[in-house]
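Residue numbers (full-length UniProt numbering): 1 to 467.
We put the beta carbon where it would ideally sit given N, CA and C, even for glycine.
Presented below is the structure to which this report refers.
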């Protein structure tokens, strides 16, 4: 039995699911536990882990508790262990410096473009740490995209509805095309000649994405359906229809959570268990958490506040940054913001695909896209309703068309339950084409050019034909 000075390691049979843990008992009575020996038939969901929560585990590093355990002062040792676990137990810890840089640049009122860039880079480790601190399947399933939700709420508070729509649309496109595409491509290249299969329970997530896409399509069609007919157009009807659709979208997502976490949890557990038990070098299988429940909750609150502050910086500077770089706000919101903001999660998905753990990769990409489509967007619409802001599901024709084609292509690529690098390349090509399209669309360059869903230009105001 291994032991360190001041630390004793002893096997412990957990009362939960009979799972064998190692407990590290510290002199001050604190306990950190890690699951190292799990029976082959023990569902991982009993520990509250989900694919969204596992996405960033490949970016974590083991904490060397033996060094800090030699510190005689219990209080100081506890604080240092907490700091080590939070700020050093990740491979992207060097990006924490951009959090400080963003604060300095913002409050010194320096170049707003660099404030935006520093804030985006600072969100990378914060988003990964939020995933690390979300304990429990339900919390992770509802708050896995907390960064996007927080940015959306701040943008709503400023009345920048288009930024909300563009950023959430960009997150869906990024997850389905960029993340999934790069994962399938990298996994296919790394495992040439090997069969790469995955469970087809992902069909449930694809079905929900089609439901969300249908709601967006109906909102757009409602605007243009009677463009050639002499009839009165009532925007309030579209708004009310969108709000009702959002309520049903939340109900559908709630049923999906019950289906995945409770009623049919065994369908979603097998690959995750194999991934964490069979691969001894994975961070999850070997990590030794030292945070108590209350300290984890406190750090979660602290990280959430930091994410909220950086999100406010991003919302306040996105227009100036777009002008500084000569880009449209739509391109910045749809392409740049999701790529950088979710970089840690994306990297984790690719690493799992390289290790032929495609079920986790699909859980990350499809799970995140489904959560944004069926939870974050409806919540944003309902919160806007409460705030007295008229936000609907009409994402405009180009954006909605891109969304629907993305869902369709993803469904076709995943229909047979096998993967190869060519499928990943197809998804990546689609993402590049969409990115080029929004890059070519230089309008709008400022949010002042968007008013009530219409685009104001130097030659007049562009609006639906029947408006």
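- Listed as beta-bridge partners of residue 418 by DSSP are 197.
- Excluding its 5 nearest sequence neighbours in each direction, residue 419 has C-beta neighbours in its own chain below 7 Å: 184, 187, 188, 196, 198, 358, listed in chain order.
- Counting the other Cβ atoms within 10 Å of the Cβ of residue 388 gives fewer than 16, which makes it exposed.
- Between the beta-carbon of residue 127 and that of residue 101 there is about 17 Å, and that puts the pair past the 8 Å contact cut.
- Cα atoms of residue 325 and residue 112: separation of roughly 11 Å, rounded to the nearest angstrom.
- When C-alpha distances from residue 162 are compared across 401, 439, 409, 393, the shortest belongs to 393.
- One thing to note: residue 321 has its Cβ within 8 Å of the Cβ of residue 116.
- Judged by beta-carbon spacing, residue 253 lies within the 8 Å limit of residue 375, meaning their Cβ atoms are closer than that value.
- Judged by DSSP secondary structure, residue 313 falls within the alpha helix (DSSP H) whose first and last residues are 293 to 325.
- For residue 130, same chain residues with a beta-carbon under 6 Å away, outside a window of 5 residues either side, are 146, 303 in chain order.
- By the Cβ neighbour-count rule, residue 109 is exposed, with fewer than 16 other Cβ atoms within 10 Å of its own.
- Of 342, 258, 400, the smallest CA-CA separation from residue 217 is found for 400.
- Exclusion of the five residues before and after residue 245 leaves 215, 393 as the residues of its chain whose Cβ lies within less than 7 Å of its Cβ.
- Residue 107: member of the alpha helix (DSSP H) spanning 97 to 107, first to last residue.
- A residue is called buried once 16 or more other Cβ atoms fall within 10 Å of its Cβ, and residue 342 is buried on that count.
- Here the alpha carbon of residue 294 sits roughly 21 Å from the alpha carbon of residue 90.
- Straight-line spacing of the CA atoms in residue 261 and residue 369 works out to 18 Å.
- With 16 or more neighbouring CB atoms inside 10 Å of its own CB, residue 249 falls in the buried class.
- Residue environment: residue 371 is assigned as buried (16 or more neighbouring CB atoms within 10 Å of its CB, all protein chains considered).
- Just measuring C-alpha positions, the residue of 380, 349, 169 sitting nearest residue 153 is 380.
- Under the DSSP assignment, residue 409 falls in the alpha helix (DSSP H) whose first and last residues are 397 to 413.
- Residue 207 counts as exposed, since fewer than 16 other beta carbons sit within 10 angstroms of its beta carbon.
- Residue 205 is positioned such that its CB atom lies no closer than 8 Å to that of residue 338.
- DSSP, reduced to helix, strand and coil, places residue 219 within a helical segment of the structure shown.
- CA-to-CA, the gap between residue 240 and residue 81 works out to about 51 Å.
- In this structure, 391 is the residue among 362, 403, 391, 407 with its C-alpha nearest to the C-alpha of residue 159.
- Considering only 258, 384, 331, the residue with the shortest C-alpha distance to residue 243 is 384.
- For the options 334, 441, 430, the alpha carbon positioned closest to that of residue 180 is the one of 430.
- In terms of CA proximity to residue 107, 310 leads the group 310, 121, 148, 300.
- Distance from the Cα of residue 423 is smallest, within the candidate group 99, 211, 177, 83, for 177.
- For residue 381, the uninterrupted alpha helix (DSSP H) segment begins and ends at 377 to 386.
- Between residue 409 and residue 428 the beta-carbon gap is near 11 Å, outside 8 Å, which marks them as no contact.
- Restricting attention to 86, 103, 83, the CA atom closest to the CA of residue 308 is found in 103.
- Around the C-beta of residue 94, fewer than 16 other C-beta atoms lie within 10 Å, and the residue is accordingly described as exposed.
- One alpha carbon belongs to residue 193, the other to residue 212, and they sit about 37 Å apart.
- In this structure, the CA atom of residue 437 is about 27 Å from the CA atom of residue 361.
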